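Under my numbering, think of the first position of the sequence shown as 2, with each following residue one higher.
We put the CB at the ideal spot given by N, CA and C, even for glycine.
Just so we're clear, the structure is a prediction, and the values are computed from it rather than from any experiment.
The block underneath contains the structure these notes are about, expressed in structure tokens.
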Amino acid sequence: MTGLDETTLLVVSPTVQFVVGALYVLNVWRRGRPDVVDRCWTLPFLAAIVTTFAYLASAASTALWWAVALGNASFVLGLGGVWSGARAREGRRTLLWVVAASAGLAALAVLVEGPDEGEWAGGLVYLLGISVWGTMAAVELLGRSHAARRAPEAVALGLTCAAAGAYYAVRAVAFAAGGPESEFWLRWLPTSTTTLINLMLILVGAFTMMALRTRENAEVAAVRYDPVLGTRTLPHLVQAVAAREGAGRVHVLALRLLDAGALRDAFGRDGREQARRHLADVVLDLLPTGGAAGSDPSRGDELVVVLPGDADGWLRGLRRALLDRPLRLDGDTVGLDVQCAAASGSAREVVALVHAARAGLTGEGRADGVPQDVAAPEPDAGRRSA
Numbered sequence: 002m003t004g005l006d007e008t009t010l011l012v013v014s015p016t017v018q019f020v021v022g023a024l025y026v027l028n029v030w031r032r033g034r035p036d037v038v039d040r041c042w043t044l045p046f047l048a049a050i051v052t053t054f055a056y057l058a059s060a061a062s063t064a065l066w067w068a069v070a071l072g073n074a075s076f077v078l079g080l081g082g083v084w085s086g087a088r089a090r091e092g093r094r095t096l097l098w099v100v101a102a103s104a105g106l107a108a109l110a111v112l113v114e115g116p117d118e119g120e121w122a123g124g125l126v127y128l129l130g131i132s133v134w135g136t137m138a139a140v141e142l143l144g145r146s147h148a149a150r151r152a153p154e155a156v157a158l159g160l161t162c163a164a165a166g167a168y169y170a171v172r173a174v175a176f177a178a179g180g181p182e183s184e185f186w187l188r189w190l191p192t193s194t195t196t197l198i199n200l201m202l203i204l205v206g207a208f209t210m211m212a213l214r215t216r217e218n219a220e221v222a223a224v225r226y227d228p229v230l231g232t233r234t235l236p237h238l239v240q241a242v243a244a245r246e247g248a249g250r251v252h253v254l255a256l257r258l259l260d261a262g263a264l265r266d267a268f269g270r271d272g273r274e275q276a277r278r279h280l281a282d283v284v285l286d287l288l289p290t291g292g293a294a295g296s297d298p299s300r301g302d303e304l305v306v307v308l309p310g311d312a313d314g315w316l317r318g319l320r321r322a323l324l325d326r327p328l329r330l331d332g333d334t335v336g337l338d339v340q341c342a343a344a345s346g347s348a349r350e351v352v353a354l355v356h357a358a359r360a361g362l363t364g365e366g367r368a369d370g371v372p373q374d375v376a377a378p379e380p381d382a383g384r385r386s387a
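Take a look at the structure:
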């Protein structure tokens, strides 16, 4: 397999790696704050670019022989990053320090052998490191992951890692047996062939990673947010508020759309749903910094709002906004209003506060021992038409 243009591959390789890496980073950035999996899986793309330029530098000047150590270490770090990210997907520790130690060992092997060994200094340690991490990443993705999390994209990524591990295992055995000058190596495992295989693995790996993370983030969003209203689900609302540091005292409002039955009778089920969405839109628009809104599908006309500041002022602003922004239904202009009950206390007690506010809204009483002030609905609250 010596018919490939090595020079062309060495030029194309960093270009493709840069483009693919940029696409992955852009995909992560668009989703917002990256989690630990995204951070780990960004490593392979950065490492691939560093590896390529390090090898080009070492080939350009013998004085830069130490760049081989950088390239070898980066490559090992990149494959280890896939393994760490796969562990993070399952809620286990990333053990990135182990990966970093193996990369350091790969670099040390080059420095120990020195410049006399040329581009293959520390070659056996480097090849074994890539093979081991590729194989371990495949085991994490295919063998140790929960069946429910074994998405098709995860299987494809696992097979890609397995292919990388197997290929570099063959290279390690061939290197130990005959070295890079052996007939078998030159015929079946030359740099040109390896560069092409690496490009294919990077391309497949990158797009499976992007597809997998997109799928998983969509699944998380489905659990955390109501796809119709755009509000948080109630469990996610409670979790997010309770997890805030230094949140102090909060006010929890339970809101219910008034005259929801009349809306359904007059405009059908779709009219009621449009009213719910309109109320949620106005609530979300008015949320102050640190505020949050949640909903429970089992109590469809109800919203729960957590506010860090003045609840009475915010509620007056909400009612004013509902009048200023009436809903259009079948050509009619409908002004919405809400029934409200409130409870206030420490953010750490948010679960009890939510129960208290909802109990006040339904007239079920108060939760003992919880600081709260349940507000009765205004007597003139109702739906207004113009």
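*Touching or not, the region 336-346 and the region 289-300, by the rule of three or more beta carbon pairs under 8 angstroms?*
Contact annotation: the region 336-346 does not touch the region 289-300, with fewer than three C-beta pairs closer than 8 angstroms.
_Residues sharing a beta bridge with residue 254, DSSP_ = Here residue 254 is taken as the residue at index 253 of the sequence shown, counted from 1. Bridge partners of residue 254: 306 and 343.
_Just to confirm the assignment, what range does the alpha helix (DSSP H) spanning residue 122 have?_
The residue given as residue 122 occupies position 121 in the sequence shown. Premise fails: residue 122 is in no alpha helix (DSSP H) and is neither H nor E.
*Please confirm if the region 53-70 is in contact with the region 108-116, defined as three or more CB-CB distances below 8 angstroms between the two stretches.*
Touching, yes.
*Hey, residue 136 and residue 163 are a contact pair by Cβ (cut 8 angstroms); roughly how many whole angstroms apart?*
For the purposes of this step, residue 136 is identified with residue 135 of the sequence shown, where counting begins at 1. For the purposes of this step, residue 163 is identified with residue 162 of the sequence shown, where counting begins at 1. Taking the Cβ atoms as the reference, residue 136 lies roughly 7 angstroms from residue 163, within the contact range of under 8 angstroms.
*Nearest CA to the CA of residue 1: which residue from 352, 178 and 74?*
The structure shown does not extend to residue 1, since the chain is modelled only from 2 to 387, so the question has no answer here.
*Around the C-beta of residue 366, are 16 or more other C-beta atoms found within 10 angstroms, so that it is buried, or is it exposed?*
For the purposes of this step, residue 366 is taken as the residue at position 365 of the sequence shown. The predicted position of residue 366 is uncertain, since its pLDDT is 38 and thus under 50; a value taken from the coordinates is nonetheless stated next. Looking at its Cβ environment, which holds fewer than 16 other Cβ atoms inside 10 Å, residue 366 is exposed.
_Along the chain, where does the beta strand (DSSP E) containing residue 293 start, and where does it finish?_
Taking the sequence shown and counting its residues from 1, one reaches residue 293 at position 292. In this chain, the beta strand (DSSP E) harbouring residue 293 covers 293-296.
*Can you name, in chain order, every residue of its own chain whose Cβ lies under 8 angstroms from the Cβ of residue 389, other than the five neighbours on each side?*
Not covered by the structure: residue 389. The range shown for the chain is 2 to 387.
*asked:* With a threshold of 6 angstroms on Cβ separation, who are the neighbours of residue 172 within its own chain once the five nearest residues in sequence on each side are excluded?
replied: Here residue 172 refers to the residue found at position 171 of the sequence shown. The residues 128 and 190, in chain order, have a CB closer than 6 angstroms to that of residue 172 in the same chain once the five nearest residues on each side in sequence are set aside.
_Own chain partners of residue 273 with C-beta closer than 7 angstroms, once the 5 adjacent residues on each side are dropped_ = Numbered from its first residue, the sequence shown carries residue 273 at position 272. Excluding residues within five positions, the ones whose Cβ falls inside 7 angstroms are 261, 264 and 265.
*Beta-carbon separation of residue 44 and residue 82 under 8 angstroms?*
Here residue 44 is taken as the residue at index 43 of the sequence shown, counted from 1. Here residue 82 is taken as the residue at index 81 of the sequence shown, counted from 1. A contact, by the Cβ cut-off of 8 angstroms.
_Spatial distance of residue 62 from residue 170 (CA atoms)_ = Residue numbering aside, residue 62 sits at position 61 when the sequence shown is read from its first letter. Residue numbering aside, residue 170 sits at position 169 when the sequence shown is read from its first letter. If I take the Cα positions, the gap works out to 29 angstroms.
*Residue range of the unbroken beta strand (DSSP E) whose run includes residue 140*: For the purposes of this step, residue 140 is taken as residue 139 along the sequence shown, with counting starting at 1. That residue, residue 140, is in no beta strand (DSSP E); it is neither H nor E in DSSP.
_Contacts around residue 216, its chain only, beta-carbon distance under 7 angstroms, and the 5 residues preceding and following it disregarded_ = Counted from its first residue, the sequence shown places residue 216 at position 215. Here residue 216 has 152 and 154 as same chain residues with Cβ atoms under 7 angstroms from its own Cβ, once five neighbours each way along the sequence are excluded.
*Do the region 313-331 and the region 201-212 make contact, defined as three or more Cβ pairs closer than 8 angstroms?*
No, they do not touch.
*Measure from the C-beta of residue 275 to each C-beta in chain C and report whether the shortest distance is under 8 angstroms.*
Absent here is chain C; the protein component of the structure consists of one chain.
*May I ask you to report which of helix, strand or coil DSSP gives residue 179?*
Taking the sequence shown and counting its residues from 1, the one referred to as residue 179 is at position 178. Looking at residue 179 - three-state DSSP - the assignment turns out to be coil, as it is neither helix nor strand.
*Cα separation between residue 176 and residue 185?*
The sequence position of residue 176 within the sequence shown is 175, counting from 1. The sequence position of residue 185 within the sequence shown is 184, counting from 1. CA-CA distance, residue 176 to residue 185, rounds to 10 angstroms.
_Touching by the beta-carbon criterion (3+ pairs, under 8 angstroms), the region 90-109 and the region 49-61_ = Segment contact: the region 90-109 against the region 49-61, fewer than three CB-CB distances shorter than 8 angstroms; contact not assigned.
*Hey, is the region 197-204 in contact with the region 28-37, meaning 3+ C-beta pairs nearer than 8 angstroms?*
Remark: fewer than three beta-carbon pairs, one from each stretch, lie closer than 8 angstroms, so the region 197-204 and the region 28-37 are not flagged as touching.
*So the beta strand (DSSP E) residue 329 belongs to, where does it begin and stop?*
Counting from 1 along the sequence shown, the entry for residue 329 is found at position 328. 328-330 is the span of the beta strand (DSSP E), which, as asked, contains residue 329.
*Return yes when the Cβ of residue 281 is within less than 8 angstroms of the Cβ of residue 230, no when it is not.*
Sequence index remark: in the sequence shown, residue 230 carries index 229 (1-based). Sequence index remark: in the sequence shown, residue 281 carries index 280 (1-based). If you check the CB distance, residue 230 and residue 281 come in under 8 angstroms.
*With a threshold of 16 other CB atoms inside 10 Å of the CB of residue 330, please say whether the residue is buried or exposed.*
Numbered from its first residue, the sequence shown carries residue 330 at position 329. Looking at its Cβ environment, which holds 16 or more other Cβ atoms inside 10 Å, residue 330 is buried.
*Ranges of the alpha helix (DSSP H) found wholly within the region 8-68, counting only runs of at least 4*: Entirely contained in the region 8-68, the alpha helix (DSSP H) runs reaching 4 residues are, in chain order, 37-61.
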